[in-house]
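Visitor: Handing you this structure, nothing more for now.
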Amino acid sequence: RRIYLNLFLVDIIVREEFQGKLRIFPSWEMSITKVVGRKRRKLRGKHDYTIGFGQGWDPFGHKTPPKELPLVAIEGKRNWDGMDIWQCVAEAATIFRARKDMKKANCSVWGVLINAINWMFIHIDEDGKLYISKLFVLDVLDCTDEELLFIYRLMYHVVDQCFRACISPGSEESWSVADDVENEDN
Numbered sequence: 182r183r184i185y186l187n188l189f190l191v192d193i194i195v196r197e198e199f200q201g202k203l204r205i206f207p208s209w210e211m212s213i214t215k216v217v218g219r220k221r222r223k224l225r226g227k228h229d230y231t232i233g234f235g236q237g238w239d240p241f242g243h244k245t246p247p248k249e250l251p252l253v254a255i256e257g258k259r260n261w262d263g264m265d266i267w268q269c270v271a272e273a274a275t276i277f278r279a280r281k282d283m284k285k286a287n288c289s290v291w292g293v294l295i296n297a298i299n300w301m302f303i304h305i306d307e308d309g310k311l312y313i314s315k316l317f318v319l320d321v322l323d324c325t326d327e328e329l330l331f332i333y334r335l336m337y338h339v340v341d342q343c344f345r346a347c348i349s350p351g352s353e354e355s356w357s358v359a360d361d362v363e364n365e366d367n
């Protein structure tokens, strides 16, 4: 189920327009705690993948861990049931809440749910409004080039929007600090 996603993601993040700054972080765990009245509420999850800016080393020989909070939560499933989209939403919401709590200039996040054939995309905008796409089907063993390119373009769009969110005006301070940290490592 992950091989198609791996091929898409690796091909996308190494594109010239992303300046070699994006990384794929597999199996990244994240949690947030919020106190509501007297109760503590905890939201946590282990993302199959996240995409963001990074340093250190990842399985592809790139630097990690993220120096910027991730922007995309990706959940891969073998089987597909109606509740799986909510797991992906919860993972994206965890990232959204963490970005809000850290007062990031751009807090929009995206999520992708796949099982290698079925694909769904979610977006949580700056105001916390959730958007869920329709189901897209891509059987790579029996698809046209146009169908394959369509899903690739959707994945590219998600990654591109994330990249632009972190390099847009208002994000320059965190971006320049991240560049300084990277330059100190060299």
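Positions in the sequence shown are counted from 1; adding 181 to them yields our numbering.
Just so you know, even glycine gets a beta-carbon here, dropped at the ideal spot from N, CA and C.
For Met301 and Leu294, which I take to be in contact (beta-carbon distance under 8 Å), what is that distance rounded to the nearest angstrom?
Guide: Met301 to Leu294, Cβ: 5 Å. Contact.
Visitor: Hey, quick one: how far does the alpha helix (DSSP H) through Ala279 stretch, first residue to last?
Guide: Start and end: Asp265 to Asp282.
Visitor: Would you call Val309 buried or exposed, if buried means 16 or more other Cβ atoms sit within 10 Å of its Cβ?
Guide: For the sequence presented, residue 309 should be read as Gly rather than Val. By the 10 Å Cβ count, Gly309 comes out exposed.
Visitor: Take Asp320 and list the residues in its own chain whose beta-carbon comes closer than 6 Å to its own, dropping the five residues that flank it on each side.
Guide: Same-chain partners within the cutoff: Ile298.
Visitor: Give me, in chain order, the residues of the same chain whose beta-carbon lies closer than 7 Å to that of Tyr333; leave out the 5 immediate sequence neighbours on both sides.
Guide: Around Tyr333: Phe189.
Visitor: Alpha carbon to alpha carbon, how far is Glu197 from Thr231?
Guide: Using only the alpha carbons, I get a separation of about 20 Å.
Visitor: Give the range of the beta strand (DSSP E) segment to which Ala254 is assigned.
Guide: Unbroken beta strand (DSSP E) run through Ala254: Val253 to Gly257.
Visitor: Identify, in the order they occur along the chain, each residue of the same chain with its Cβ nearer than 6 Å to the Cβ of Asn364, setting aside the five sequence neighbours on each side.
Guide: Below a pLDDT of 50, predicted positions are generally treated as unreliable, and Asn364, at 38, falls in that range; the measurement from the model is reported next regardless. Same-chain partners within the cutoff: there are none.
Visitor: Rounded to whole angstroms, what's the CA-CA distance from Phe317 to Leu329? Just pull it up for me.
Guide: Using only the alpha carbons, I get a separation of about 11 Å.
Visitor: Can you tell me whether Met264 is buried or exposed, with buried defined as 16 or more other CB within 10 angstroms of its CB?
Guide: Classification for Met264: exposed.
Visitor: Please state whether DSSP places Glu210 in a helix, a strand or coil.
Guide: Correct three-state label for Glu210: strand.
Visitor: Could you spell out where the beta strand (DSSP E) holding Ile313 opens and where it closes?
Guide: Unbroken beta strand (DSSP E) run through Ile313: Leu311 to Ile313.
Visitor: Val339 and Trp291: beta carbons closer than 8 Å?
Guide: A contact, by the Cβ cut-off of 8 Å.
Visitor: Any idea what DSSP makes of Arg345, helix, strand or coil?
Guide: Helix at Arg345.
Visitor: When the Cα atoms are used, what is the spatial distance from Leu203 to Asp192?
Guide: Looking at the two C-alpha atoms, the distance is approximately 12 Å.
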